[in-house]
Every structure is written in structure tokens, then in C-alpha cells.
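Residue numbers (our numbering), protein chains in the order written: chain A, 3 to 285; chain B, 3 to 180.
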Amino acid sequence: MFLMLIGLILFVAIMGFSLSDRKNLSWPEKFINDSVALLQSWLYKPAGYMAGLFEDIRTMRHLYEENEQLRTTVARYARDRSTYNYLKEDNDYYKSVLQFTEAQKNQNNYEYLIAQVIAANPDAYNKTFKINRGSKNGIQKDMAVITIDGLVGLVSEVSPITSTVMPITELNAQSSFGSKKISATVSGKDSFGIVESYNSETGQLMMSKIAEDDPLQEGDMVITSGLGSVFPRGIEIGKVKSKQVGDFGLTYTAYIEPSAKLDKLREVLVVKVPDPEAEGQKE
Amino acid sequence: MKLHWIILIMFFLFLLEGTIVTWLIPTGWTHRLIPHFVFVFVLFAAMYAGRHVALFLGLAFGMLQDIVFYGHIIGIHSFSMGLCGYLAGLLLEYRRPPMLTAISVIGMGCLLLDTVVFMVYTVFQINKQPYVWALTHHILPSLFLQLIFALILYIPARRWFEGAFRKNSKEENEQAQL
Chain A
3 MFLMLIGLIL
13 FVAIMGFSLS
23 DRKNLSWPEK
33 FINDSVALLQ
43 SWLYKPAGYM
53 AGLFEDIRTM
63 RHLYEENEQL
73 RTTVARYARD
83 RSTYNYLKED
93 NDYYKSVLQF
103 TEAQKNQNNY
113 EYLIAQVIAA
123 NPDAYNKTFK
133 INRGSKNGIQ
143 KDMAVITIDG
153 LVGLVSEVSP
163 ITSTVMPITE
173 LNAQSSFGSK
183 KISATVSGKD
193 SFGIVESYNS
203 ETGQLMMSKI
213 AEDDPLQEGD
223 MVITSGLGSV
233 FPRGIEIGKV
243 KSKQVGDFGL
253 TYTAYIEPSA
263 KLDKLREVLV
273 VKVPDPEAEG
283 QKE
Chain B
3 MKLHWIILIM
13 FFLFLLEGTI
23 VTWLIPTGWT
33 HRLIPHFVFV
43 FVLFAAMYAG
53 RHVALFLGLA
63 FGMLQDIVFY
73 GHIIGIHSFS
83 MGLCGYLAGL
93 LLEYRRPPML
103 TAISVIGMGC
113 LLLDTVVFMV
123 YTVFQINKQP
133 YVWALTHHIL
143 PSLFLQLIFA
153 LILYIPARRW
163 FEGAFRKNSK
173 EENEQAQL
């Protein structure tokens, strides 16, 4: 009985400690992470391929539709590409005219690292997953993780050859890591809000602190705004489903349906934002 | 079967939980059917190898899961798996329950585990949903997954544990007869 009491106190201490904001993992954690991840990666990938094969057979019927859809997308892409080239040239010209510094020019030059998912946590309250890139590949805490559909999550812990990703569905104002705030805007509109929590009952993200006269509407595509320069800009988060008056009646809250698929991921991209200070030192 | 082989099997199950099982579960049910295969083995250990072995296995494998998938908090699975394994051991140690009793004990153990996990997450304000939601959302669906797994592995797991702890259980039986 006495021993159990001591055990209980010990566990509360450990949990409280792990809940606080930690900068780095200790070496036993790193070691366990990396060695277990090595074994997990041997299992996850083949299983994914097998499952993908069955999925492919099932979706064979939709191939025609998908092909049609892709063709229109490619046409649109070709059109957008030409406008993009033109705009980019223009933009570069204006930047040189306005005498931007190197650091300013490189601000939006993001580097994308491809990472394979090696395991997913079987837990309803903590849906982290692991990727096979770590600090040796230049991954740091809080980097954005995306797929082609949109924002997936943030790097929460880094070991030498693997790291743990916390999906955006774990955003939570209470927990030390989950209390990350993503500043967001609407593509094509001058709007501002902060995505900071997720409701697992409705499956929607909550974007708060939207001003009263904000042009945000239902059906708008919410993207990251890149303000604060920790987070890259222009990454899709999701579509606005509804908009309501917020807690104190001064601001609005929008409910967003995430656009990225968050389960059964195979490959993700980690976005490296160029460090403004490091760029400044180079000059 | 020696104990270290059982630990190896449990480690393999732990690897399966995070990798292959994720792919076997149909889309849309991913975080509703949660495998607790390692914990089922902890309960087997509680019944056939004693509460201390169950406590040790629960603590160790819970801690492994906590460290590998460190998200919000460390120690939650370790605490709940150790506690539930120990309690199950207190109830049924060396009693050799018949199969139906054993399976229902495993079911109740899994319910208890999910409840303890839910409660710890609620205490630390990471979870904000009510218990009724958690019950229908993932606790009950995953209970069936655990029961099916326990049914499939009931006979081999029992043999493995009895093989590893034959000496102890014989002594216990003799003591009981005396």
C-alpha cells in the first residue's frame, strides 16, 4: 500500500515534469526513439504498400472520373504557371528596385524535406506519429509538416534520426506543446485569425480572434499567414464551415474543416524556414 | 517458453500496434479502434504469472509507448497499464479462471484501462470531452477489438505463460492444498 502511494506520487511528478515546456529530449529518450523507430519502419512501409494495393483495386472504378478531374487541373495549372512566371519576374524586378536585402529576399525561400511516416500512435487523445528524419537532417522543433493537401502538424520532438509530429488535431490551449498558435488568413482576402484548438467531437479546427469587420466567409480557404516567421506562409489549413460570435462578443470565431487527410499517412513534407539571423550573418 | 521470449513477443505486438494495425483498420475508424494488444498480454500475465510480473510488464511497456509517442505527457500509459495489470492480478492471481471468465476479465480490464487513461487526460485538461462521448467514440468499439484478439490468442498465451511460470504456480498449488 505504502509502495503504491510512493509510485502514485512518482507518476504525478513525472507527468507534471513532462507537461512542462521542454527544450530537448534526454539521451535515453532519444536512444529509445531511434532504435524502436528503426524496427517500426520495417513494418509500416510494407504494410502501407499492401494496404495501398487493395485500395487501388477498390478505386479502379473511379479512375475515369479522376482522370477527367486531373486533366482540368493540369489545364488550370498550365495557365497559372504562365501567370506565375510573369508575376515572379515582376516581383523580382520590384524587389531589386526597392533594394531588398538578401535576408528579405530569402525570407520565403522554403526548403522542403521529404519524410516517410514510420509509425502512428494508437491513442485517442494523443495522435502523434513518427517520421524518419531527425536533427541530423536539419529538422528542428516546431517546423511545419505538410502533405500536398495542406497542413498536417508540427514537429514536436526531435531525435538524431527520427522525430515526432503532432498533428493539428492536437492543438489545445491547455497542453504545453499543444498550445501552439498558428496565425492564419484567407487566400485572396485581407483577413486575420489564430488557429489554436480542435474539437474532436465535430472534427473541426477553431480559428479565433477574427475582427468584426473581417471579410472572412463560409467556404473560404484558410491558409497560414506566415506572420511571426516561425511558420511558413501560404499553406492550406482548411475550409471555413461556419462563423460565430466569439466568447466575449468582440471577436468572431470560425470553424474550419481541415483539408489534409490525417490518418494513414505515408509521406509528408517538412518545411524548413530560412533562419533570418543566419542569413544576416552570411552577408 | 521463457519470460524473455514473452517479452519479445510483447515488444513485437507493440511494434504491430503502431504500424500494421493502423493500416488494417478501415478509414474513418483510425482513432476509434485502438489496439491494446500489449495490455491484453499484461492481463494474461496477471492471471497466469502473478500480479508483480503484470505490474512490471505494464510499467515497462507503458513507458515504452509513452516515450516513443511522446506528445503531451509522459507516464500516462505506464501508470494506467501498471495499475490495471496489478489490480487484475490481485483479483485473479493463480486462480486459473475458466476461459469465459478470463475473457470477461480482459474486457473489464480494457474498460478500466481506457477509463483511467481518460481520467488522467481529463485531470491534466488535455481532454475536454465528456466520458459518454469517449465511451461511444472509442472505448466500446476498441473493447471488441481487444476481446477478439484475446480470444484468438487465449490458448497459446496461456500455454506460454504457464510454461514460463510452471514452477511458481506448482508451489502455489501445493501451498493452497496444504
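Each residue gets a CB set at the ideal place from its N, CA and C atoms; glycine is no exception.
What does residue i pair with, by DSSP beta-bridge criteria?
| i | result |
| --- | --- |
| residue 195 of chain A | A/186 |
| residue 165 of chain A | A/133, A/160 |
| residue 200 of chain A | A/207 |
| residue 15 of chain A | Residue 15 of chain A is not bridged to any residue. |
| residue 225 of chain A | A/187, A/238 |
| residue 152 of chain A | A/149 |
| residue 274 of chain A | A/113 |
| residue 131 of chain B | Bridge partners of residue 131 of chain B: none, in fact. |
| residue 212 of chain A | A/254 |
| residue 142 of chain A | Its beta-bridge partners do not exist; DSSP assigns none. |
| residue 246 of chain A | A/255 |
| residue 260 of chain A | A/240 |
| residue 95 of chain B | Partner(s): none; residue 95 of chain B has no beta bridge. |
| residue 269 of chain A | A/118 |
If contacts are defined as beta-carbon pairs under 8 Å, then residue i and residue j qualify, I think. What distance do you get, rounded to the angstrom?
| i | j | result |
| --- | --- | --- |
| residue 166 of chain B | residue 8 of chain B | 6 Å |
| residue 260 of chain A | residue 236 of chain A | That belief does not hold up - the Cβ atoms of residue 260 of chain A and residue 236 of chain A are roughly 16 Å apart, past 8 Å. |
| residue 262 of chain A | residue 245 of chain A | Actually they do not touch by this definition, with Cβ atoms about 21 Å apart. |
| residue 174 of chain A | residue 128 of chain B | 6 Å |
| residue 40 of chain B | residue 15 of chain B | 5 Å |
| residue 325 of chain A | residue 96 of chain B | Nothing can be reported for residue 325 of chain A, as the shown portion of chain A is limited to 3 through 285. |
| residue 140 of chain A | residue 161 of chain A | At roughly 14 Å, the Cβ-Cβ gap does not stay under 8 Å, so residue 140 of chain A and residue 161 of chain A are not in contact. |
| residue 60 of chain B | residue 13 of chain A | That pair is no contact at about 12 Å. |
| residue 172 of chain A | residue 131 of chain B | At roughly 14 Å, the Cβ-Cβ gap does not stay under 8 Å, so residue 172 of chain A and residue 131 of chain B are not in contact. |
| residue 2 of chain B | residue 265 of chain A | The displayed coordinates of chain B run from 3 to 180. Any statement about residue 2 of chain B would go beyond what the structure contains. |
| residue 158 of chain A | residue 130 of chain A | 7 Å |
| residue 38 of chain A | residue 70 of chain B | 5 Å |
| residue 201 of chain A | residue 208 of chain A | 7 Å |
| residue 74 of chain B | residue 21 of chain A | 7 Å |
| residue 48 of chain B | residue 115 of chain B | About 12 Å separates the two Cβ atoms, so there is no contact after all. |
| residue 138 of chain A | residue 163 of chain A | 6 Å |
CB-CB under 6 Å to residue i, same chain, minus the five flanking residues each way: which ones, in chain order?
| i | result |
| --- | --- |
| residue 46 of chain A | 120, 121 |
| residue 124 of chain A | none |
| residue 267 of chain A | 119 |
| residue 43 of chain B | 12 |
| residue 45 of chain B | 90, 108, 111 |
| residue 183 of chain A | 196, 198 |
| residue 5 of chain B | 166 |
| residue 42 of chain A | 120, 121 |
| residue 67 of chain B | 79 |
Go through its chain and collect everything with a Cβ distance to residue i's Cβ below 7 Å, but skip five positions before and after it.
| i | result |
| --- | --- |
| residue 206 of chain A | 243, 257, 258, 259 |
| residue 146 of chain B | none |
| residue 146 of chain A | 153, 156, 233, 234, 237, 273 |
| residue 10 of chain B | none |
| residue 35 of chain B | 27, 143, 144, 147 |
| residue 116 of chain A | 269, 271 |
Any beta carbon of chain E sitting closer than 8 Å to that of residue i?
| i | result |
| --- | --- |
| residue 123 of chain A | The structure shown contains no chain E; its protein chains are A and B. |
Please list, in chain order, all residues of the same chain as residue i whose beta carbon is under 8 Å from its beta carbon, the five residues on each side excluded.
| i | result |
| --- | --- |
| residue 212 of chain A | 193, 194, 195, 218, 245, 248, 253, 254, 255, 256 |
| residue 216 of chain A | 193, 194, 195, 254 |
| residue 225 of chain A | 186, 187, 188, 189, 235, 236, 237, 238, 239 |
| residue 221 of chain A | 241, 242 |
| residue 16 of chain A | none |
| residue 32 of chain B | 24 |
Does the beta-carbon of residue i, which I'm using as the reference point, lie nearer than 7 Å to any heavy atom of the ligand FAD?
| i | result |
| --- | --- |
| residue 71 of chain A | Within the structure as shown, the ligand FAD is missing, as the structure has no ligands at all. |
(message) Does the contact criterion of 3 or more C-beta pairs under 8 Å hold for the segment 104 to 122 of chain B versus the segment 143 to 156 of chain B?
(response) yes
(message) Give the list of continuous alpha helix (DSSP H) stretches no shorter than 4 residues that lie fully inside the segment 37 to 88 of chain B.
(response) 39 to 50, 53 to 70
(message) If contact is defined by three or more beta carbon pairs under 8 Å, each pair taking one atom from either stretch, is the segment 50 to 65 of chain B in contact with the segment 73 to 87 of chain A?
(response) no
(request) Quick one: which unbroken alpha helix (DSSP H) runs of 4-plus residues sit fully inside the segment 48 to 123 of chain A? Chain order, please. (result) 65 to 99, 104 to 107
(message) Contact between the segment 113 to 120 of chain B and the segment 81 to 89 of chain B is defined here as three or more beta-carbon pairs at a separation below 8 Å; is this criterion met?
(response) yes
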